[in-house]
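For the record, in the sequence shown the residue sitting at position 260 is 260 according to full-length UniProt numbering, with numbers rising by one throughout. First comes the structure, then the notes that go with it.
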Amino acid sequence: MGAELVQAVGTTFTVDLATALAVPLSFASRDLGSVPDPIGVMEAVRSTADRIDVFYQAGQAAVPPQASDVLAFLEPVLHPVTASRAGHLFHPKLWLIKFQDVEKNVSYRLVCMTRNLTGDRSWDAVISLDGGPGPRREAGNQPLSDLISALPRLCTTRLPDERQQRIEAFAAEIRRAVWELPDDVKEIAFHALGVSRRATPPDYSGYRRLVVSPFVDEEGLAIVAPQTRDGGFLVSRPEHLDRLPELPNDLHPKVVSVLAEFEDERAAGELGGLHAKIVAVERARLTHLFIGSANATRAAFDGNVEFVVELVLGAAKYSVDSYLSSDTGLGALLEDYTPQTRPEDPEEKQRAVLRSRLRQLAELPWTMQIGQPAETTYDLRLRSGKPLSDWAHDLSMELLSRRGEAVRPQPGQEADETFTRVELADITPFLVATLREGDVAESSVIPAGLIGDPEDRLDAVLARQVDTPEKFLRFVLLLLSLTGQLAQAPAAGSSTGSWASTAAQGVFELLARALADEPSVLDDLERIVDRLGRTEAGRAVMPEGFADVWATIQEARGLMGART
Numbered sequence: 001m002g003a004e005l006v007q008a009v010g011t012t013f014t015v016d017l018a019t020a021l022a023v024p025l026s027f028a029s030r031d032l033g034s035v036p037d038p039i040g041v042m043e044a045v046r047s048t049a050d051r052i053d054v055f056y057q058a059g060q061a062a063v064p065p066q067a068s069d070v071l072a073f074l075e076p077v078l079h080p081v082t083a084s085r086a087g088h089l090f091h092p093k094l095w096l097i098k099f100q101d102v103e104k105n106v107s108y109r110l111v112c113m114t115r116n117l118t119g120d121r122s123w124d125a126v127i128s129l130d131g132g133p134g135p136r137r138e139a140g141n142q143p144l145s146d147l148i149s150a151l152p153r154l155c156t157t158r159l160p161d162e163r164q165q166r167i168e169a170f171a172a173e174i175r176r177a178v179w180e181l182p183d184d185v186k187e188i189a190f191h192a193l194g195v196s197r198r199a200t201p202p203d204y205s206g207y208r209r210l211v212v213s214p215f216v217d218e219e220g221l222a223i224v225a226p227q228t229r230d231g232g233f234l235v236s237r238p239e240h241l242d243r244l245p246e247l248p249n250d251l252h253p254k255v256v257s258v259l260a261e262f263e264d265e266r267a268a269g270e271l272g273g274l275h276a277k278i279v280a281v282e283r284a285r286l287t288h289l290f291i292g293s294a295n296a297t298r299a300a301f302d303g304n305v306e307f308v309v310e311l312v313l314g315a316a317k318y319s320v321d322s323y324l325s326s327d328t329g330l331g332a333l334l335e336d337y338t339p340q341t342r343p344e345d346p347e348e349k350q351r352a353v354l355r356s357r358l359r360q361l362a363e364l365p366w367t368m369q370i371g372q373p374a375e376t377t378y379d380l381r382l383r384s385g386k387p388l389s390d391w392a393h394d395l396s397m398e399l400l401s402r403r404g405e406a407v408r409p410q411p412g413q414e415a416d417e418t419f420t421r422v423e424l425a426d427i428t429p430f431l432v433a434t435l436r437e438g439d440v441a442e443s444s445v446i447p448a449g450l451i452g453d454p455e456d457r458l459d460a461v462l463a464r465q466v467d468t469p470e471k472f473l474r475f476v477l478l479l480l481s482l483t484g485q486l487a488q489a490p491a492a493g494s495s496t497g498s499w500a501s502t503a504a505q506g507v508f509e510l511l512a513r514a515l516a517d518e519p520s521v522l523d524d525l526e527r528i529v530d531r532l533g534r535t536e537a538g539r540a541v542m543p544e545g546f547a548d549v550w551a552t553i554q555e556a557r558g559l560m561g562a563r564t
């Protein structure tokens, strides 16, 4: 048997909610089958949500094309954050994951990327390191530990105590990690920027270099490419090279040539083109290879939160020129840069301003007060906690679960708006905020803190999907399998909705085994059964004969508790 997920912490600048679903699904895929249905997806997310945390720049959550009930189970996973310095960005892109096998052996995986948690089609770079706990603290792990420990305090709203304590413990634990060196790598170093006063930029000094960065400016190039004795290469996007007052004399500029064929295929707002950030520097017969989130810009080294992994390799085999080889490197993808005079795009400039303002909106302490139920619906009172800026004169906000029903807060005053007659399963902290300036509009998902959140809200979301006896059996099978109880269960697709079916008999065996080995697993099922049992339509969802079997299981559980 493989290792089981214990904890995963991810960071990203932008997040796509639909793409974020892939994270818990990847850890539960063994039990879901090749084509998971909505119930399977929900149960996979729900079963792993307490072990996964994703931190992203507030205001940079993309709006999904359509709302899905399953997104409700991502709520405890996603945490908007801001950089410590105003006007700067939270920009690191990494995953730190802890596993444990059946023999209780712990292992770690660190994945450092230039890619965000989105579906963007862009050229990126990634490095993955495996390791395990060592006997003592390793000084080299301090930057990684600093970044992880800083995450709770960068959040726009306080994390639940349990999550905060778990992350702080993980940050302390990872200080003892010992990382396996990839082939030909002599040393590894970590660089976390913007989270600790003791952090210093990586040492980019050397006599020959390659700089790959989609965004560049003079100040950033002065850091990553100080005067180079033997020259080198600068690979960037042509429009950003055009904006430089002058090109570095010692770096030959290049661009990626094959990207043009992808440009027309991108959806509106989707990032494309070069997105990798790589620096390779030769010095003292070694090559220092830097991969991470930092662009060659001043902001990256003067206020942004960034993370970079440095690998040290032999220059004879991994020279700068080797990375530009047409056979094994980037050479086949590159062409010489030709300067052009590009007219400024006023719409793109306007969009950049709107995106910046959305990030400012996302930093406000938004709350959603849930009123007392009126029959089966609720009124939700949305407040911003602070006055809105004067530029928010064309702002609309909708519940992600009820698009098309917008409120329009007024600028210069605290937002105080109400969404009326909202079904329990449609209550959500996710708001779609849209800012407009003329014909240009930008949107982002902004979460609000729920006040008075009904305890059974997520059960109602799940129950809305479990609307046939077949789906009910599918849910029970998944519930038990994703908590480790499904050893020899029938295939989920074989359930027929009759309690006499093979699948249903297998479920009864699993229920009995759960009662003996892990009775707490039945708590989740009990809440769904209780909710379905409140209405005639809900009772019809449960297979014929299940009520009697469930009563027997509950009676036996009660006797076991009393005996204990």
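C-beta: ideal position from N, C-alpha, C; glycine also. Just so it is clear, the structure is predicted and the values come from calculations on it, not from any experiment.
Query raised in the report: With DSSP run on the structure shown, which of helix, strand or coil describes Gln-100?
Result: Locating residue 100 in the sequence shown gives position 100, counting from the first residue. When DSSP states are grouped into helix, strand and coil, Gln-100 belongs to the strand group.
Query raised in the report: Taking the Cβ atom as the reference point for each residue, do Leu-380 and Ala-67 lie within a distance shorter than 8 angstroms?
Result: Stepping through the sequence shown from its first residue, residue 380 is reached at position 380. Stepping through the sequence shown from its first residue, residue 67 is reached at position 67. Going by C-beta atoms, Leu-380 is not nearer than 8 angstroms to Ala-67.
Query - Secondary structure, alpha helix (DSSP H): runs of 4+ residues fully inside the stretch 328-373 - result: Segments of the alpha helix (DSSP H) lying fully in the stretch 328-373: 346-362.
Query raised in the report: If Leu-382 and Glu-417 are in contact, beta carbons under 8 angstroms, what's the gap, nearest whole angstrom?
Result: In the sequence shown, residue 382 corresponds to position 382, counting from 1. In the sequence shown, residue 417 corresponds to position 417, counting from 1. Indeed, because the Cβ distance is near 5 angstroms, the residues count as touching under 8 angstroms.
**Report entry** Endpoints, the alpha helix (DSSP H) within which Asp-524 is located
**Finding:** Taking the sequence shown and counting its residues from 1, one reaches residue 524 at position 524. First-last of the alpha helix (DSSP H) with Asp-524: 521-532.
Requested in this report: Can you grab the Cα-Cα spacing for the pair Tyr-56 / Arg-158, in whole Å?
Outcome: Numbered from 1 along the sequence shown, position 56 holds the residue referred to as residue 56. Numbered from 1 along the sequence shown, position 158 holds the residue referred to as residue 158. Whole-angstrom Cα-Cα distance: 14 angstroms.
**Report entry** Backbone secondary structure at Lys-254 - three-state DSSP
**Finding:** Position 254 of the sequence shown holds residue 254. If DSSP states are grouped into helix, strand and coil, Lys-254 belongs with the strands.
Query raised in the report: In chain order, what residues of the same chain lie with their CB nearer than 6 angstroms to the CB of Val-224, ignoring the 5 residues before and after it?
Result: For this step, residue 224 is matched to residue 224 along the sequence shown. If we look at Val-224 and ignore the five residues flanking it on each side, its Cβ neighbours are Tyr-204, Val-211, Val-279, Ala-296.
Query raised in the report: When the Cα atoms are used, what is the spatial distance from Arg-527 to Phe-13?
Result: Indexing the sequence shown from 1 puts residue 527 at position 527. Indexing the sequence shown from 1 puts residue 13 at position 13. A straight-line Cα-Cα distance of about 37 angstroms links Arg-527 and Phe-13.
Query - Distance between Thr-19 and Pro-38 (C-alpha atoms, nearest Å) - result: As a position in the sequence shown, residue 38 is number 38, starting the count at 1. As a position in the sequence shown, residue 19 is number 19, starting the count at 1. Using only the alpha carbons, I get a separation of about 15 angstroms.
Requested in this report: Can you say whether Asp-16 is buried or exposed, counting buried as having 16 or more other CB atoms within 10 angstroms of its CB?
Outcome: Taking the sequence shown and counting its residues from 1, one reaches residue 16 at position 16. Asp-16 should be labelled buried.
Requested in this report: Measure from the alpha carbon of Val-521 to the alpha carbon of each residue in Ala-315, Gly-452, Phe-475, Phe-190, then state which is nearest.
Outcome: Numbered from 1 along the sequence shown, position 521 holds the residue referred to as residue 521. Nearest of Ala-315, Gly-452, Phe-475, Phe-190 to Val-521, Cα basis: Phe-475.
Report task. Grab the span of the beta strand (DSSP E) containing His-79 for me, first residue to last. Result -> Walking along the sequence shown from the start, residue 79 turns up at place 79. Per DSSP, His-79 is one residue of the beta strand (DSSP E) stretching across 78-81.
**Report entry** Cβ contact (3+ pairs, closer than 8 angstroms) linking the stretch 464-478 and the stretch 85-94
**Finding:** No, the stretch 464-478 does not touch the stretch 85-94.
Query raised in the report: How many Å lie between Arg-421 and Leu-289 at the Cα?
Result: Counting from 1 along the sequence shown, the entry for residue 421 is found at position 421. Counting from 1 along the sequence shown, the entry for residue 289 is found at position 289. Approximately 57 angstroms between the Cα atoms of the pair.
Requested in this report: Could you work out which residue in Glu-4, Leu-462, Thr-377 is closest to Glu-103 when comparing CA atoms only?
Outcome: Position 103 of the sequence shown, counted from the start, is the residue given in the question as residue 103. Cα-wise, what sits closest to Glu-103 is Glu-4.
Query - Three-state secondary structure assigned by DSSP to Gly-558 - result: Start at 1 with the first residue of the sequence shown, and residue 558 comes out as number 558. Here Gly-558 sits in helix by DSSP.
**Report entry** Rounded straight-line distance, which links the Cα of Leu-241 to that of Trp-219
**Finding:** Here residue 219 refers to the residue found at position 219 when the sequence shown is read from its first residue. Here residue 241 refers to the residue found at position 241 when the sequence shown is read from its first residue. With the sequence shown as reference, residue 219 is identified as Glu, and Trp is not the correct amino acid for it. Roughly 14 angstroms between the two C-alpha positions.
Query raised in the report: How about Glu-414 and Gly-385: are their beta carbons less than 8 angstroms apart?
Result: Numbered from 1 along the sequence shown, position 414 holds the residue referred to as residue 414. Numbered from 1 along the sequence shown, position 385 holds the residue referred to as residue 385. By the CB criterion at 8 angstroms, Glu-414 and Gly-385 fall inside the cutoff.
**Report entry** the stretch 445-454 in contact with the stretch 511-525 per 3-pair CB rule at 8 angstroms
**Finding:** No: fewer than three Cβ pairs fall under 8 angstroms.
Query raised in the report: Between Val-353 and the rest of its own chain, which residues show a CB-CB distance below 8 angstroms, the 5 nearest in sequence each way excluded?
Result: Position 353 of the sequence shown, counted from the start, is the residue given in the question as residue 353. Here the set comprises Glu-437.
Query raised in the report: Should Leu-234 be counted as a contact of the ligand ZN given a C-beta to heavy atom distance under 7 angstroms?
Result: This structure lacks the ligand ZN, and indeed carries no ligand of any kind.
Query raised in the report: Taking Val-312 as the reference, which of Arg-285, Thr-328, Tyr-337 has the closest Cα?
Result: Here residue 312 is taken as the residue at index 312 of the sequence shown, counted from 1. For Val-312, the closest alpha carbon among the candidates Arg-285, Thr-328, Tyr-337 is that of Arg-285.
Query raised in the report: Rounded C-beta distance between Pro-248 and Leu-221? I'm assuming under 8 angstroms.
Result: Here residue 248 corresponds to residue number 248 of the sequence shown, with the count starting at 1. Here residue 221 corresponds to residue number 221 of the sequence shown, with the count starting at 1. The beta carbons of Pro-248 and Leu-221 sit about 6 angstroms from each other, so the pair counts as a contact at 8 angstroms.
Report task. Leaving out five residues on either side along the sequence, give the residues of the same chain with a beta carbon under 6 angstroms from the beta carbon of Met-397. Result -> One-based indexing of the sequence shown puts residue 397 at position 397. Only Val-407, Leu-431, Ala-433 meet the Cβ criterion.
Requested in this report: Excluding the 5 residues preceding and the 5 following Leu-458 in the sequence, name in chain order all residues of the same chain whose CB lies nearer than 7 angstroms to its CB.
Outcome: Indexing the sequence shown from 1 puts residue 458 at position 458. Excluding residues within five positions, the ones whose Cβ falls inside 7 angstroms are Ala-72, Phe-73.
Report task. From the DSSP output, read off the bridge partner residues of Met-113. Result -> Your numbering for residue 113 matches position 113 in the sequence shown. The bridge partners DSSP lists for Met-113 are Val-126.
Query raised in the report: In three-state DSSP terms, what is Gly-449?
Result: Against the sequence shown, residue 449 aligns to sequence position 449. DSSP, read as helix, strand or coil, puts Gly-449 in strand.
Requested in this report: Using the DSSP secondary-structure output, state which residues sit across from His-191 in a beta bridge.
Outcome: If you number the sequence shown from 1, residue 191 lands on position 191. Bridge partners of His-191: Val-308.
Query raised in the report: Alpha carbon to alpha carbon, what distance is there between Asp-146 and Ala-199?
Result: To locate residue 199, count along the sequence shown from 1; it is residue 199. To locate residue 146, count along the sequence shown from 1; it is residue 146. Cα to Cα, Ala-199 sits roughly 9 angstroms from Asp-146.
**Report entry** In DSSP terms, what Val-320 is bridged to
**Finding:** Position 320 of the sequence shown, counted from the start, is the residue given in the question as residue 320. Partner(s): none; Val-320 has no beta bridge.
Query raised in the report: What three-state label does DSSP hand His-88 in the structure shown?
Result: Your numbering for residue 88 matches position 88 in the sequence shown. In the structure shown, His-88 sits in coil (DSSP, three-state: anything other than H, G, I, E or B).
Requested in this report: May I have the straight-line CA-CA distance separating Ser-196 from Asp-327, to the nearest angstrom?
Outcome: Numbered from 1 along the sequence shown, position 196 holds the residue referred to as residue 196. Numbered from 1 along the sequence shown, position 327 holds the residue referred to as residue 327. C-alpha separation (whole angstroms): 41 angstroms.
Report task. Run the CB neighbour count on Asn-116, radius 10 Å, all protein chains shown included, and call it buried at 16 or more, exposed below. Result -> The residue labelled residue 116 in the question sits at position 116 within the sequence shown. Answer is buried; the Cβ neighbour count reaches 16.
Query raised in the report: Of the residues Ala-62, Val-320, Arg-137, which one's Cα is nearest the Cα of Leu-234?
Result: Residue mapping note: residue 234 aligns to position 234 of the sequence shown, counting from 1. The residue with the shortest Cα to Cα distance from Leu-234 is Val-320.
Query raised in the report: Under the rule that 16 or more other beta-carbon atoms within 10 Å means buried, what is Leu-274, buried or exposed?
Result: By one-based count along the sequence shown, residue 274 stands at place 274. Its Cβ being crowded by 16 or more others within 10 Å, Leu-274 is buried.
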